[in-house]
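Protein chains in written order, with this note's numbering: chain A, -19 to 114; chain B, -19 to 114.
Glycine included, every Cβ here is placed at the ideal spot set by N, Cα and C.
Here the structure is laid out as structure tokens; the discussion comes afterwards.
Number of protein chains: 2
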Amino acid sequence: MTSHTTRQRAAVLEGLAGCKDFVSAQELYALLTANRTRVGLTTVYRTLRDLEAAGGVDVVRDDSGERLYRQRPDGGHQHYLICRSCGHSRPVDSGVVEEWADHITAATGFTAVEHTVELSGICTGCQPSPPKDR
Amino acid sequence: MTSHTTRQRAAVLEGLAGCKDFVSAQELYALLTANRTRVGLTTVYRTLRDLEAAGGVDVVRDDSGERLYRQRPDGGHQHYLICRSCGHSRPVDSGVVEEWADHITAATGFTAVEHTVELSGICTGCQPSPPKDR
DNA sequence: ATGGACATGGAATTCATTTTCATCTAGGTT
DNA sequence: AACCTAGATGAAAATGAATTCCATGTCCAT
């Protein structure tokens, strides 16, 4: 029925897998194009959207609201700590938050509760290091 | 130096105060306009942006990425549980999450860590009510 | 009232994302 | 092998929030 495994989709998947950190659809498209992989921007967006729906990727939004995607490491969903300077991302243990979210759900009577948690900071490598005046 | 208290700004502030829940800049603009308050869309955006920078409002993004603003109830920042159906929002106690975020900060060496937490669900009033068979 | 610093807002611009739609393709069928 | 067709593709156009331009307006001190 759905989902043929086309050359294009495979390329998007592979491109995504090659990224350790979060990438935007635009970046991924540029990356693939630069790599001489012929894929349409529309297809990149479509594939990413489908992946998101299927739960194959984690998604965050950067400051400008642009969607950033990252292949999901393991089973359940993951939360990340992202460096605002270099963009490097690392998954963080969020068990506490999951429990908290469940608790809120139970306490409020709301159903189908979903949560988004985004952490950003400056990683050790991007620290304003040597206070070189100026 | 900055911030004259102009009629327009006051109107935006007042309009925002009159909203119990989150509103987008566009909605607020429409609301003010409908109220015969002459304010430019640009000014609404500007005022909201300034408010955000000054920490006077809490901001979330809806599914489409649109920014939604809500006057901040009290002191520190707040997290909310928003109904995806009617848009009603209620602040939730997020002490646990704050602690967790601090802990992550300490454990990773990242500095200037900021966090965004968004909860959404279906409130009791919007429940798919009568389970009219399948 | 005069000057200038800041504020305003309509129009134009930017830019990610989505739609449209004509065309192509995979892969099953005869 | 030739054929069919649901699904996939992608260039171009559309959408829409948010921002930038910039000419004009407004408040305040001198």
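- With a 10 Å radius around the Cβ and a threshold of 16 neighbouring Cβ atoms, B/GLY101 comes out buried.
- By DSSP's assignment, A/ARG70 forms a beta bridge with A/LEU61.
- Not flagged as an interface residue toward chain A: B/GLU7, since no C-beta distance is shorter than 8 Å.
- Around B/LEU11, the same chain offers GLY(-5) as residues with beta carbons nearer than 6 Å, after the five sequence neighbours per side are excluded.
- Contact between the region 45 to 53 of chain B and the region 90 to 98 of chain B is absent: fewer than three C-beta pairs spanning the two stretches fall below 8 Å.
- A/LEU28 is positioned such that its CB atom lies no closer than 8 Å to that of B/ILE84.
- Using a CB distance below 8 Å, the part of the region 69 to 93 of chain A facing chain B consists of ARG70, VAL72, SER74, VAL76, VAL77, TRP80, ALA81, ILE84, THR85, THR88, GLY89, PHE90, THR91, ALA92 and VAL93, ordered along the chain.
- Against chain A, a Cβ distance below 9 Å from B/CYS103 picks out THR88, GLY89, PHE90 and THR91.
- Per DSSP, B/VAL19 lies in no beta strand (DSSP E) segment and is marked neither H nor E.
- Between the alpha carbons of B/CYS63 and A/GLU79 lies a distance of about 20 Å.
- By the beta-carbon neighbour count (other beta carbons within 10 angstroms, threshold 16), B/SER44 is exposed.
- Distances from the CA of B/SER4 to each of B/HIS(-16), B/ARG18, B/THR17 and B/ARG26 were compared; the closest alpha carbon is that of B/ARG26.
- Per DSSP, B/GLY36 lies in no beta strand (DSSP E) and is assigned neither H nor E.
- In this structure, the straight-line span from the alpha carbon of A/TYR49 to that of B/ALA(-10) is close to 40 Å.
- Between the C-alpha atoms of A/VAL76 and B/VAL76 there is a straight-line separation of about 8 Å.
- Minimum Cα-Cα distance from B/VAL97 among the listed residues B/THR13, B/TYR60, B/ASP1 and B/GLY(-2) corresponds to B/TYR60.
- Residue A/ALA87 holds the alpha-carbon nearest to the alpha-carbon of B/ARG70 among A/ASP73, A/PRO71, A/ALA87 and A/HIS57.
- Looking only at A/GLY67, A/GLU46 and A/VAL40, the smallest Cα-Cα distance to A/GLN58 is reached by A/VAL40.
- The Cβ-Cβ distance between B/GLN(-12) and B/THR23 falls below 8 Å.
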